[in-house]
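Visitor: Dumping the structure here so I can ask a few things about it.
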Amino acid sequence: MKFAQVPVGQRFELQGGRYLKTSPVVAVEEASGRSRFIGKYVEVTLPENPDQAKPAPASTAPVDPQAVLAEFEAFHARCLAILDGLQESLDVETLDRARTELEEARRRFVKRIEDGAAE
Numbered sequence: 001m002k003f004a005q006v007p008v009g010q011r012f013e014l015q016g017g018r019y020l021k022t023s024p025v026v027a028v029e030e031a032s033g034r035s036r037f038i039g040k041y042v043e044v045t046l047p048e049n050p051d052q053a054k055p056a057p058a059s060t061a062p063v064d065p066q067a068v069l070a071e072f073e074a075f076h077a078r079c080l081a082i083l084d085g086l087q088e089s090l091d092v093e094t095l096d097r098a099r100t101e102l103e104e105a106r107r108r109f110v111k112r113i114e115d116g117a118a119e
């Protein structure tokens, strides 16, 4: 089965590991808790035990907006560091455009989180 066909919340196996699909392109390895990007074309297998293959129940625990923002800021900083590492490979205009688009996406994300926290 292709990864794209696996519903979010479904457990599956890949390369000897067990994963839980958490978004259309990301899964969490059950043993380590680490997130991993998985291309939608990648072949995965569902567990043979039907009980293990059932989607995980949705969490009803509230999410702390400040914790989300802190994690996102760390992610954003890492993205900028990666761009800085590409200075020798890309022209200045391309890097500036990438930084501008990344910063605009950051602003929109932060605004959505802050607006949601105010509700």
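Quick note: UniProt numbering has the sequence shown finishing at residue 119, numbered continuously throughout.
Where a beta carbon is used, it is the ideal one built from N, C-alpha and C, also for glycine.
This one's a predicted model, so the numbers in the text were calculated from it and none came from an experiment.
Quick one, which of A77, T22, A31 has its alpha-carbon nearest F37's?
Guide: The shortest C-alpha separation from F37 is found at T22.
Visitor: Where does R108 land, buried or exposed, given buried means 16+ other C-beta within 10 angstroms?
Guide: With fewer than 16 Cβ atoms within 10 Å of its Cβ, R108 is classed as exposed.
Visitor: Taking C-alpha atoms, which residue in K40, M1, L20 lies nearest to A31?
Guide: The shortest C-alpha separation from A31 is found at L20.
Visitor: Measure the Cβ-Cβ separation of E48 and K2 and say whether it is below 8 Å.
Guide: No, the pair does not count as a contact, with Cβ atoms beyond the cut-off.
Visitor: So, helix, strand or coil for L83, using DSSP?
Guide: L83: helix per DSSP, three-state reduction.
Visitor: Please list, in chain order, all residues of the same chain as L46 whose beta carbon is under 8 Å from its beta carbon, the five residues on each side excluded.
Guide: If we look at L46 and ignore the five residues flanking it on each side, its Cβ neighbours are M1, V6, Q10, R11, F12, E13, A53.
Visitor: Thinking just about the alpha-carbon of each residue, which of E101, A105, R78, S35 is nearest to the one in V25?
Guide: Comparing Cα-Cα distances from V25 to each of E101, A105, R78, S35, the minimum goes to S35.
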